[in-house]
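First the structure, in the form of structure tokens, and then the observations on it.
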Amino acid sequence: MIAYILKRFWQMIPTLAGVVLLIFFLFNWVGGDPALVLAGKISNPEQIANIRKQLGVDEPYWYQLWVFLKQIVTFDFGRSWATNEEVSHIFLTRLGPTLTIMLPVLLLETVIGVILAIGVAYVNGTVTDRMIMMICTVAMSISFLVYIIVAQYLFGFKLGWFPVQGWSESYWKNVTTFAPLPIMLAVFVGLAPVLRLYRSFFLDEINHDYVRTARSKGLAEKIVMLKHVLRNALIPILTNIGIALPGIFIGSFLMETFFSIPGIGREILVAVNRSDFPVIKAATVYLAMITMFINLLVDVLYKVVDPRVTLK
Amino acid sequence: MPSTRSALSLVSRITILFLPCLLASSAAAAPATVAPTPADPAKILRYAFEVAETSFDPQRVSDVYSSIVNNAMFDPPLRYDHLARPAKLIPNTLTAMPTVSPDGLTYTLHVHPGIHFDNHEVFGGKKRELVAQDYVYTIKRLFDPKLSAPSLADVEGYIVGSEDYAMRARKANRLDYDAPLTGLQVLDRYTFQVKLNKPKPNFIYLFADCRIGCAVAREVVEHYKEDLGSHPVGTGAYRLAFWKRSSKMVFEPNPNYREEYYQGDPAPDDKEGQAILKRLQGRRLPMVGRFEVDVIEELQPRWLAFLNQEHELLWRLPEEYAFQAVPNNQLAPNLKKRSIQMEQVPALDLTFMYFNMEDPLVGGYTPDKVALRRAVSLGYKTLDEIRIIRKNQAIPAHTPYSPGVAGYDPNFRTSANEYAPAKAKALLDMYGYIDRDGDGYREMPDGSPLVLKFNSTPNARDKQIDELLTRSMNEIGLRVTVRKAKWPDLLKESNAGKLMMWQLGGSASAPDADTWLTSLYGPNAGFKGNRARFKMPAYDEAYEKADTLPDSPERTALYQKMAKLMVVYAPWKINTHRIHTDMWYPYVIGFRRPLVQTQSWWRFVDVDLKVQQDYLAGR
């Protein structure tokens, strides 16, 4: 196991190197000149040259890349070009609101998704099953943005059940007042694809021989579904959660923007619009590393869930 | 008759009797410790910005929203009278308006004694007075290469010695704050002088611009260094009480704020201004005890938060809701029923398209090129842009400067926004721009392809304008291609003279027509704002002469001459002046949108708690 983990750490290096080169290339050849953004509409060549010097973008490309690599190793990406705030401080302060929303969303989506999926898989082929699948398909066809706009208008404004927008310094107030609407909305929207996917996992298992054997041995359906089918379907479910996990650290920029949640997603969107490279760099590297670590964690968890799995 | 000894004794007794009174009265006459501002903490005003703030370092920022909050926390030497229309400069921290030497080169400014910064540990437990040196230091900061102050271009080259000063600082990559700048001198504790290389009457506006003139204390700057933008310490009416960056800002009154009372100078026929003055005159400022500003980029939540009374004021109604909120520019009945107040103000603003005068296809000063540009102008449907795209939240522009600025004459009109497709076609036919191959689109007089390359940014608004332009030009037989690129890329290419056409817009930072006219001045081609690269000796001559004149009929005549030249040669197709619509609940008293957007209005408004309680109870 240790050898496997070490091997996976070693493999992260070329992956991260690829990410670094890609983001560096994209920014320098495709991204806008940040000096022009900061200089304003009226400036002069000397002012722009000075800004480029202060930002370090007048240095040779190899030197800029070297600085980038040093920043990754030291986890110090400097300061935002637009606001001069320390990049590490940006992420530290924004992570809380993002996780406040995204963790409950993932949890609820998974639990509710599994429960519903197992039920729908059980009644596979019936009118109920078909109706639910049709509803899911329709629900998935509607843009998330539409849901946000309608839900905010209906539940926030018309019915007044929740505030239209906002965030507080009090965790409890956020959890009880500002977070419920975005969380419910995200869970509602995320359930449709999750339900369809998990249903297919359960159906795969239900059709296996061991289930037929268990039934023929007289085991109760409840035990067949919840003990045997569920256990075996957990592996692909875990994989799906693993794929979704890095996303909770970035958040949903749409939700954060519409509900004025000061999270990482919104911050990244602002940084991209401002060509704020330190923030963009940090976010990309941060997300790449989280994804790789979570993938490793998920692979290790496979072993726990299914001892037959060999890690090599 | 009393004896001398008894008379003296009487005097002594009288003196002893009245001495406390004498002492008390002399204490009242001397500058007393100012009582804290009486702003009621229960008076809270909440509203939203559509763009996040960037920094609370006044000299570091260029965006409007950061400037608005900085203007509430810091003080420039001058400000605009809150009620006066048109805009009128008045002293803010000065004892009087700056004295200008007869040659127009030297400005002498006297700072009012007794103005203090907010408390801070760096002041060693003492109250820190605002002095002339603070303003000199503040202006010098613009030259600090590490600050990369966006407003440096407004002073560099204008103040005596500033070009050398800037060059030395860039070379050393640091500014020596103690090195003298010839054109910036402290004369005494409260007096400083600014000397210019040549007369420029409009320079005075810079003393009201927070990005240039909002005073910071050197001790605070040196204490916080790069973190200054997160730790504002100013002399303004408000100070930062709470801050969640890009999310929420809360401001409370500055306990050291000077004694200031509400006054204003609305025009005699300005009923609304007169009513506000009557109600608030003589009130001690600030009046509102707390400002809460949320950052809400999206339109719907900003609009709904106001309707839901999560905000007391809606700063700039999103155009997308104009038909709903102000159909035909009248307050909607449902909002009127809720006693919501509304004000629509034509902004000091202009939107326009420019033609690159050095472009081989559309540029040039010969009749055929002028005809092509005039035809584009005549064929563009500005009224459709106003009605459909801007939802009637704009008015057609007749001059390359907006109403409400010095130099604007409401009786002066040009044909800048004439829509006459028949004339456009006739012009094009006359100069040989005809459809030779029968594809419905005209070619150049020599038969080569005629394709107008229009540039724009990838957002919803610009997409609509692209479509309108394409449709308008199709009707007169001109082919348009649209190229999409991000703002910094377009700016870079524009500075380099590589764009054929681009639509721009902008608000004035000073209430003077020069704000826009400078962008057609030949030597300003490229970086300095003349993106059309328009170089016309007659225009330049008029501009140079106007630049040395104060606001006067003579200068207005020169501005009008420049406007006519612009219409004739058409380096710009001017389109609209945008309208800003603000709304507030009836318990917000005295709100008036400043004509210059970055000015602070916070200390001039009040919240009527009784009206608010009644309003909320009745809802």
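Those sequence lines, one after another, are chains F and E.
This note's numbering applies: residue 1 is where the first sequence begins, and numbers increase by one.
This note's numbering applies: residue 1 is where the second sequence begins, and numbers increase by one.
Where is the CB? At the ideal position from N, CA and C, for every residue including glycine.
These numbers come from a predicted model, not from an experiment.
Span of the alpha helix (DSSP H) around residue i
| i | result |
| --- | --- |
| A237 of chain E | Unbroken run through A237 of chain E: none, as it is neither H nor E. |
| R266 of chain F | 264 to 273 |
| K67 of chain F | For clarity, residue 67 of chain F is Val in the given sequence; the question names Lys instead. V67 of chain F -> alpha helix (DSSP H) spans 61 to 74. |
| N316 of chain F | Because chain F here runs from 1 to 312, residue 316 of chain F falls outside it and cannot be looked at. |
Distance CB(residue i)-CB(residue j) smaller than 9 Å
| i | j | result |
| --- | --- | --- |
| Y365 of chain E | Y521 of chain E | no |
| F144 of chain F | V189 of chain F | yes |
| I395 of chain E | I579 of chain E | yes |
| L348 of chain E | L89 of chain E | no |
| G229 of chain E | N84 of chain F | yes |
| I261 of chain F | L99 of chain F | no |
| R94 of chain F | G242 of chain F | no |
| Q393 of chain E | S456 of chain E | no |
| G505 of chain E | T382 of chain E | no |
| S170 of chain F | L152 of chain E | no |
| Q281 of chain E | Y153 of chain F | no |
| G529 of chain E | E358 of chain E | no |
| G119 of chain F | L191 of chain F | no |
| N256 of chain E | K127 of chain E | yes |
Cut-off 6 Å between Cβ atoms - residues of its own chain near residue i, not counting five sequence neighbours on either side
| i | result |
| --- | --- |
| S247 of chain E | V295 |
| T515 of chain E | A508 |
| P145 of chain E | A169, R170, N173 |
| L331 of chain E | M342 |
| V216 of chain E | T138 |
| S168 of chain F | N174 |
Per-residue DSSP class, three states only, for residue i
| i | result |
| --- | --- |
| N455 of chain E | strand |
| H89 of chain F | helix |
| M444 of chain E | coil |
| T191 of chain E | strand |
| L285 of chain E | coil |
| H112 of chain E | coil |
| K498 of chain E | coil |
| L22 of chain E | For L22 of chain E, the pLDDT reaches just 40, beneath the cut-off of 50, and the residue's location in the model is therefore unreliable, leaving the point undetermined. |
| P201 of chain E | helix |
| Q165 of chain F | coil |
| T576 of chain E | strand |
| D606 of chain E | strand |
| W516 of chain E | helix |
| N71 of chain E | helix |
| M627 of chain E | Here chain E covers residues 1 to 619 and nothing more, so residue 627 of chain E does not appear. |
| W303 of chain E | helix |
Which listed residue (the options) has its alpha carbon closest to that of residue i
| i | options | result |
| --- | --- | --- |
| F49 of chain E | E:L565, E:R479, E:R316 | E:R316 |
| C136 of chain F | F:I148, F:L116, F:Y153, F:Y122 | F:L116 |
| D276 of chain F | F:D204, F:L185, F:M12, F:E86 | F:E86 |
| K281 of chain F | F:I13, F:N50, F:R79 | F:R79 |
| L142 of chain E | E:H112, E:Y177, E:R85, E:W572 | E:Y177 |
| V131 of chain E | E:G124, E:K140, E:F117 | E:F117 |
| M430 of chain E | E:G477, E:Y441, E:A485, E:A371 | E:A371 |
| G273 of chain E | E:F604, E:M357, E:L609 | E:F604 |
| F251 of chain E | E:V221, E:R258, E:R218, E:P286 | E:P286 |
| M12 of chain F | F:T291, F:T310, F:Y63, F:K173 | F:T291 |
| F207 of chain E | E:A179, E:P86, E:N71 | E:N71 |
| I268 of chain F | F:I250, F:F75, F:Q47 | F:I250 |
Nonlocal neighbours in the same chain, by C-beta distance under 7 Å from residue i, ignoring five residues either side
| i | result |
| --- | --- |
| P586 of chain E | S339, Q341, V611, Y615 |
| L277 of chain E | L83, G264, P266 |
| V186 of chain E | A132, Q133, V136, F192 |
| N295 of chain F | G242 |
| R374 of chain E | L427, A570 |
Opening and closing residue of the beta strand (DSSP E) in which residue i lies
| i | result |
| --- | --- |
| G505 of chain E | 501 to 507 |
| A322 of chain E | Note, A322 of chain E: premise wrong, no beta strand (DSSP E); alpha helix (DSSP H) at 322 to 325. |
| Y80 of chain E | 78 to 80 |
| T126 of chain F | T126 of chain F -> no beta strand (DSSP E), and no H or E assigned at all. |
| L152 of chain E | First-last for L152 of chain E: undefined, no H or E at that position. |
| A394 of chain E | 394 to 396 |
| A48 of chain E | 40 to 49 |
Residue i beta carbon near the ligand MG (any heavy atom closer than 8 Å)
| i | result |
| --- | --- |
| I250 of chain F | As presented, the structure is devoid of all ligands, the ligand MG included, so that no description of it is given. |
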